[in-house]
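S.K.: There's a structure below that I have some questions on.
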Amino acid sequence: MSNNKRNDSSTVDLHPWPIPVNSRVLHIAKLVLGAGMIVILLTQVMPVNLLGGMLNNLFTVILLLSWAGPARRMMRRYSAGGRNKPSAEEQ
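Residue numbers for the sequence shown follow this note's numbering, so the first one is 556 and each next one is one higher.
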């Protein structure tokens, strides 16, 4: 093949180079694929029914912990060694 034929603009390029993809689109695609891989990994390691039971237990623990703080404050307030003892003037 001669150099004249290579530089001829009338020839049609059947395999043009692909247009580069924007870096923002590549970043979003990488995040979506990574999140999908994590979801697939979790469903393979822990089946969905086991995951539902774990979420139920987690909700119960969070509910009990939300009651622990007020219960502790109430026990301190009404216990014998509590900080809020009535003063001599109030008795």
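Glycine included, each C-beta is placed from N, C-alpha and C at the ideal position.
Return the CA-CA distance between VAL594 and ASN604, expressed in angstroms with no decimal places.
M.R.: On the sequence shown, position 39 is the one that residue 594 refers to. On the sequence shown, position 49 is the one that residue 604 refers to. If you take the alpha carbons of VAL594 and ASN604, they lie about 15 Å apart.
S.K.: Helix, strand or coil for VAL567, going by three-state DSSP, please let me know.
M.R.: Taking the sequence shown and counting its residues from 1, the one referred to as residue 567 is at position 12. Three-state DSSP puts VAL567 in coil, outside helix and strand.
S.K.: Ends of the alpha helix (DSSP H) at ASN577?
M.R.: By one-based count along the sequence shown, residue 577 stands at place 22. First-last for ASN577: undefined, no H or E at that position.
S.K.: Does DSSP put MET592 in a helix, in a strand, or in coil?
M.R.: Taking the first residue of the sequence shown as position 1, residue 592 is located at position 37. MET592 falls in the helix class under three-state DSSP.
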